[in-house]
Amino acid sequence: MFEQLIKSIQDKVPATEEELQLCKHYFTPKKIRKKQFLLQEGDVCNRLAFVEKGSLYSYSTDAKGTQRVIQFAFEGWWISDLYSFFTKEPSNLNIEALEDSELLLLDHEQHDYLLKNIPQYETYTRLILQNAYVALQRRIEGTIGLTAEEKYSRFLNQYSTCLNRVPQHLIASYLGITPETLSRIRKQMTR
Amino acid sequence: MHVKQTIAIIGAAGNMGQAIAKALAKEENRLLLFSSNQQKAQLVAEEIKSKNAAIEVEGTGCPVDASWEADIIILAVPYQAEAEIAKKIEDVARQKIVISISNPLNETFDGLVTLPGTSAGEELQKILPDSKVIKAFNTTYAVNFVQPLIDGKQTDAFIAGDHATALTVVEELVRSAGFNPIVAGPLKVSQTLENMQLLLIQLTMKYNYNWHAGWKILHN
Ligand SMILES: NC(=O)c1ccc[n+]([C@@H]2O[C@H](COP(=O)([O-])OP(=O)(O)OC[C@H]3O[C@@H](n4cnc5c(N)ncnc54)[C@H](OP(=O)(O)O)[C@@H]3O)[C@@H](O)[C@H]2O)c1
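The listed protein sequences derive, respectively, from chains A and B.
Under our numbering, the residue at position 42 of the first sequence is numbered 49, and the numbers go up by one with no gaps.
Under our numbering, the residue at position 116 of the second sequence is numbered 219, and the numbers go up by one with no gaps.
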């Protein structure tokens, strides 16, 4: 139930067995089925989610109801709306399960407790947020500066191990291109 | 649209389990009903769906998976069965609200089997140290859930627990079930609440209230 989380922490900080055990008590284990929501637009995002198993994705919807995919998250990843979590303002995002998933959730109280009482957890969180910031910056820079082909290649590198778990139309939405364009690029690349 | 809260009811085919399931059958809730006889739980789910097809509800034969999916877990089983169930779901109930509704009555209904100085609510918290145990729905009879009015007055329903946000959530749940919620105090107040119901049961039998009886605090 905590394998991926422990691996994620140990990859980043030298946490002791005792600290790891203590951490476990503060996470809320939650199973969620494919197509169920962890967050819906208009709700305040009041928990951070770590993916133990399965996958989720976050997206906004435009006036016509078209999905705009922001992020995918697979085993070992975190997903939430940090803006809404930290400001307690309603979120513009939806977070939906792509597959049946097992999550570990943290609300403000549990998160704050861990930050205050387990220094290694604070370091771990800082590294996670640092990575999230870098990923966001790369995504913005890619979105405004790269061609569709370049964006897709970068996506392939970043998500190489999980590609066949994501439907093509969501990949197209993530890249900000139409499914037809994506299909054309894929054909070109296999040539 | 809001994310629905998932509520697991353990013992959902019993008197209280069914009453609570029907009272919480609302579009904002998703109900997972557990009975050791899955068919019985499915029947309750079907009955709820037949009244309102928009309700998300299903019967299940696995208390662990139901509790794992849940945000709130309601143990609608006899006190004697609570410890066993609690040990099974301990890992997946961490940090979740677990509602204790039981009254630990003895076989002759003239006393409680818990030792003085403790209560069913507090004993459950000992088994589930990482969960937020809240005492609720123990002072209301199952028959009164259909119509929580007695003698024309809305029945009070007392709540006890140590965790402020969990109390607020349960207060809302009790209100949505049709009762007037009263937060009585910390979890140790369960001792009083369980004894109050012992008294009500004794009076109900003595004066033949026919189970249509409940508590109402009169105040200015
Ligand atoms: N009845 C009331 O008006 C009332 C009011 C307030 C509080 N309560 C409290 O609510 C609880 C349930 O009462 P109830 O009247 O609903 O009783 P009930 O009709 O006998 O139902 C209890 C359910 O618990 C399950 N159960 C029974 N023994 C069990 C065991 N050894 N292990 C696991 N599960 C077991 C059974 O479910 P399955 O066999 O289907 O799994 C049964 O359907 C009790 O703690 C009681 O003190 C009752």
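Backbone N, C-alpha and C fix where the C-beta goes; we use that ideal spot for every residue, glycine too.
beta-carbon residue i near ligand 1 non-hydrogen atom, thresh 7 Å
| i | result |
| --- | --- |
| GLU187 of chain B | yes |
| ALA184 of chain B | yes |
| ALA241 of chain B | The residue asked about is misnamed: residue 241 of chain B is Asn in this sequence, not Ala. At least one heavy atom of ligand 1 is nearer than 7 Å to the Cβ of ASN241 of chain B, so yes. |
| PRO181 of chain B | yes |
| ALA245 of chain B | yes |
| ASN206 of chain B | yes |
| GLN300 of chain B | yes |
| GLY83 of chain A | no |
| ALA116 of chain B | yes |
| SER138 of chain B | yes |
| LYS190 of chain B | no |
| LYS125 of chain B | no |
| LYS238 of chain B | no |
| LYS143 of chain B | yes |
Chain A contact residues for residue i, given Cβ-Cβ distances below 8 Å
| i | result |
| --- | --- |
| LYS199 of chain B | THR35 |
| GLU172 of chain B | LYS37, LYS38, ILE39 and ARG40 |
Contact list for residue i against chain A, beta-carbon separation under 9 Å
| i | result |
| --- | --- |
| GLU193 of chain B | Those do not exist, as GLU193 of chain B stays about 11 Å from chain A at its closest Cβ, beyond 9 Å. |
| ASP168 of chain B | LYS38 |
Neighbour list for residue i in chain A, Cβ cutoff strictly below 7 Å
| i | result |
| --- | --- |
| ASP233 of chain B | HIS32 |
Contact check, residue i vs residue j, beta carbons under 8 Å
| i | j | result |
| --- | --- | --- |
| LEU178 of chain B | GLY114 of chain B | yes |
| GLN117 of chain A | GLN198 of chain B | yes |
| ASP88 of chain A | LEU46 of chain A | yes |
| LYS158 of chain A | GLU106 of chain A | no |
| LYS125 of chain B | PHE248 of chain B | yes |
| LYS95 of chain A | VAL51 of chain A | yes |
| VAL173 of chain A | SER108 of chain A | no |
| LYS143 of chain B | ALA116 of chain B | yes |
Option in the options with minimal Cα separation from residue i
| i | options | result |
| --- | --- | --- |
| GLY61 of chain A | A:ARG75, A:LEU46, A:THR73 and A:ALA80 | A:ALA80 |
| ILE285 of chain B | B:LEU302, B:VAL216, B:THR211 and B:ASN241 | B:ASN241 |
| GLN294 of chain B | B:ALA184, B:PRO219 and B:GLN145 | B:PRO219 |
| SER65 of chain A | A:TRP85, A:LYS71 and A:GLU59 | A:TRP85 |
| VAL167 of chain B | B:GLN142, B:ASP194 and B:SER222 | B:ASP194 |
| LYS191 of chain B | B:SER170, B:ASN206, B:ALA156 and B:GLN183 | B:SER170 |
| ILE204 of chain B | B:THR243, B:ALA267, B:SER234 and B:GLY288 | B:THR243 |
| ASN101 of chain A | A:GLY83, A:ARG75 and A:GLU109 | A:ARG75 |
| ILE176 of chain B | B:PHE212, B:GLY120 and B:LEU321 | B:GLY120 |
| LEU270 of chain B | B:VAL201, B:PHE212 and B:ILE253 | B:VAL201 |
| LEU112 of chain A | B:ALA245, B:GLU225 and B:ASP174 | B:ASP174 |
7 Å Cβ cut-off: residues of chain B touching residue i
| i | result |
| --- | --- |
| GLN47 of chain A | MET104, HIS105 and VAL106 |
| GLU44 of chain A | Per the sequence presented here, residue 44 of chain A reads as Phe, with Glu not at that position. Near PHE44 of chain A (Cβ distances below 7 Å), the residues of chain B are VAL106. |
| GLN117 of chain A | GLN198 |
Near ligand 3: residue i beta-carbon under 7 Å from a heavy atom
| i | result |
| --- | --- |
| GLY120 of chain B | No copy of ligand 3 appears in this structure; the ligands present are ligand 1. |
Where residue i meets chain B, residues with beta-carbon distance less than 8 Å
| i | result |
| --- | --- |
| PRO50 of chain A | The sequence shown places Asp at residue 50 of chain A, rather than the Pro named in the question. Within 8 Å Cβ-Cβ: HIS105 and VAL106. |
| MET196 of chain A | Going along chain B, no residue has its Cβ under 8 Å from MET196 of chain A, so there is no contact; the nearest lies around 38 Å. |
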